[in-house]
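The letter at position 65 of the sequence shown is residue 94 when you use the numbering used here, and the numbering goes up by one with no holes.
No residue lacks a Cβ here, since even glycine has one placed at the ideal position from N, Cα and C.
In what follows, a single structure is set out as structure tokens and then discussed.
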Amino acid sequence: MNRRVASSTLAALLFAAAAGGQPQPRAAIAADLQSRGDLIGAETELKAAVAEAGADGNTVETARSMAVLGIFYQDVGNFTQAEASFTGSRRILAGLTSPDDLASAPLIAHLAWLYIETGQTGKANQLNLADWIGRLQNSDPNSKYLPSLLEALGGLFALRRDVGRAEEVYRHDFELLTKGGADRSVEMASALNNFGFLELIAGRYSDASNAFSKAFWLWTDLSGSYDLPAAISRLGLAEAYAGLRRDGDSAQLLEETLPIFERKCGPNSLRTADVLTQYAEVLRHLKHAAKAKRYEMRASHIRQEAARNLASGQTVHLWDLTTRGPKHFLPRLDDGRNPTKASQQ
């Protein structure tokens, strides 16, 4: 998200595999409920999974259930509860395994992205991401968790505004994914999204639109154009278009994106507020002041209500989860399709 962006289902499966178990039935039910917009039902299922696992004490299953609940909270923008779930899971695992056990790698990656997303540089530094990456590279250089950790490290460098080092990390990440045959995968789509958002920070709007377009069509092929990952690519592309003063195209994408965030994250989610704010800015450029004002007021109300859920007073734009690098780092995936025409196909 995610952060390196991935659906709750995919992230849950990653953690289940790392912990040596199978995906939890309740997690699968929750993922389905979340995909249909039933966030209360999804949360209820995941909390029940934690309670059931906890009945047997602090086990790997308990830690896994808490981590999956944390992924859900991070998806919907409830950062305080996400951090509590992730750190609780990590404490349980610390009592069951060695601190360096690589089974914790996906949990570390998710926790790192949470800290990066909320601007908590100090806490992200304490995770020692470079050490985790080094251990994975030494023990399993083909690990499917290595890209997520690399992108988290790149995101941390980006948060520090250390452009050169972020660039190096993402160059390696793209090479790793391409070499591993993952050039048309969830991992590549996620990496392209993360790359695109930093290009926005750097003001490279044309390069950002290139990355987001590639990511959007990968997500469309992998999970559908109206699932949350593709909507996040649309959101980034809309911001790139706004930077290029293509306000009409930007507004079209945001109009398509807003209801997806309302459904998948909730109408009062901080993530939905982010879309509202961006849409309002574009509407003002298009001289639609009344509609822009309504969206600004709604976004402000959401943030006021959710302020206690922010994990840090040092907050950043909710999608600044990324890295940067020149356009030639990008894999060749462009097939000429236009995301603004997706709804017409």
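My assumption, with CB atoms under 8 Å, is that residue i sits in contact with residue j. Please give the rounded CB distance.
{"i": "T181", "j": "A138", "result": "In the sequence as presented, Thr is not what sits at residue 181; that position holds Ala. Right, their Cβ atoms sit about 5 Å apart."}
{"i": "I289", "j": "L257", "result": "7 Å"}
{"i": "A78", "j": "S64", "result": "With 8 Å as the limit, A78 and S64 do not qualify as a contact, their Cβ atoms being about 17 Å apart."}
{"i": "A218", "j": "F241", "result": "Actually they are not in contact, since the Cβ atoms of A218 and F241 sit about 10 Å apart, beyond 8 Å."}
{"i": "G163", "j": "G225", "result": "About 27 Å separates the two Cβ atoms, so there is no contact after all."}
{"i": "L165", "j": "A195", "result": "Rounded, the Cβ-Cβ distance is 19 Å, inconsistent with contact."}
{"i": "G66", "j": "R213", "result": "Wrong, their Cβ atoms sit about 28 Å apart, outside the cutoff."}
Would residue i and residue j qualify as a contact pair, given that the criterion is a beta-carbon distance under 9 Å?
{"i": "R274", "j": "H314", "result": "yes"}
{"i": "L282", "j": "A267", "result": "yes"}
{"i": "G209", "j": "N171", "result": "yes"}
{"i": "A335", "j": "L299", "result": "yes"}
{"i": "V97", "j": "G295", "result": "no"}
{"i": "L312", "j": "A302", "result": "no"}
{"i": "L122", "j": "L136", "result": "yes"}
{"i": "L229", "j": "G272", "result": "yes"}
{"i": "A59", "j": "A71", "result": "yes"}
{"i": "E146", "j": "F108", "result": "yes"}
{"i": "Q103", "j": "W161", "result": "no"}
{"i": "A231", "j": "V192", "result": "yes"}
{"i": "N87", "j": "G148", "result": "no"}
So, helix, strand or coil for residue i, using DSSP?
{"i": "L299", "result": "helix"}
{"i": "P128", "result": "coil"}
{"i": "G183", "result": "helix"}
{"i": "P368", "result": "helix"}
{"i": "K316", "result": "coil"}
{"i": "G148", "result": "coil"}
{"i": "Y270", "result": "helix"}
{"i": "F174", "result": "Sequence check: residue 174 is Tyr here, not Phe. Here Y174 sits in coil by DSSP."}
{"i": "G225", "result": "helix"}
{"i": "S25", "result": "Coverage of the chain is limited to positions 30 through 374, which leaves residue 25 absent and any answer about it impossible."}
{"i": "S214", "result": "coil"}
{"i": "L156", "result": "coil"}
{"i": "D202", "result": "helix"}
{"i": "R194", "result": "helix"}
{"i": "G117", "result": "helix"}
{"i": "G163", "result": "helix"}
{"i": "T286", "result": "helix"}
{"i": "R189", "result": "coil"}
Out of the options, which one is the CA nearest neighbour of residue i?
{"i": "T404", "options": "R55, G295, H330 and K293", "result": "Any answer about residue 404 is impossible in this case: the structure gives the chain only from 30 up to 374."}
{"i": "D23", "options": "N223, Y308 and F108", "result": "Since the first and last residues shown for the chain are 30 and 374, residue 23 lies out of range."}
{"i": "L221", "options": "F203, A231, K208 and G210", "result": "F203"}
{"i": "L185", "options": "A271, A153 and A302", "result": "A153"}
{"i": "L68", "options": "R332, I100 and V304", "result": "I100"}
{"i": "Y144", "options": "G83, D129, L188 and A132", "result": "L188"}
{"i": "R200", "options": "V215, R213, I58 and N223", "result": "N223"}
{"i": "E285", "options": "A259, R55 and V89", "result": "A259"}
{"i": "N157", "options": "T126, G148 and L178", "result": "L178"}
{"i": "L140", "options": "S127, T126, A328 and R119", "result": "R119"}
{"i": "R327", "options": "N297, K316 and E310", "result": "N297"}
{"i": "Y324", "options": "V304, Q333 and K316", "result": "V304"}
{"i": "L205", "options": "E112, D169 and G151", "result": "D169"}
{"i": "K76", "options": "V89, D61 and A56", "result": "A56"}
Are there any heavy atoms of the ligand GTP lying less than 8 Å away from the beta-carbon of residue i, as far as the coordinates show?
{"i": "I145", "result": "Among the components modelled here there is no ligand, and therefore nothing to report on the ligand GTP."}
*Could I get the ranges of all uninterrupted alpha helix (DSSP H) runs contained in the segment 54-107, with 4 residues as the minimum, in chain order?*
54-64, 68-83 and 89-105
*asked:* Restricting to runs no shorter than 3 residues, where is the beta strand (DSSP E) found entirely within the segment 230-281?
replied: none
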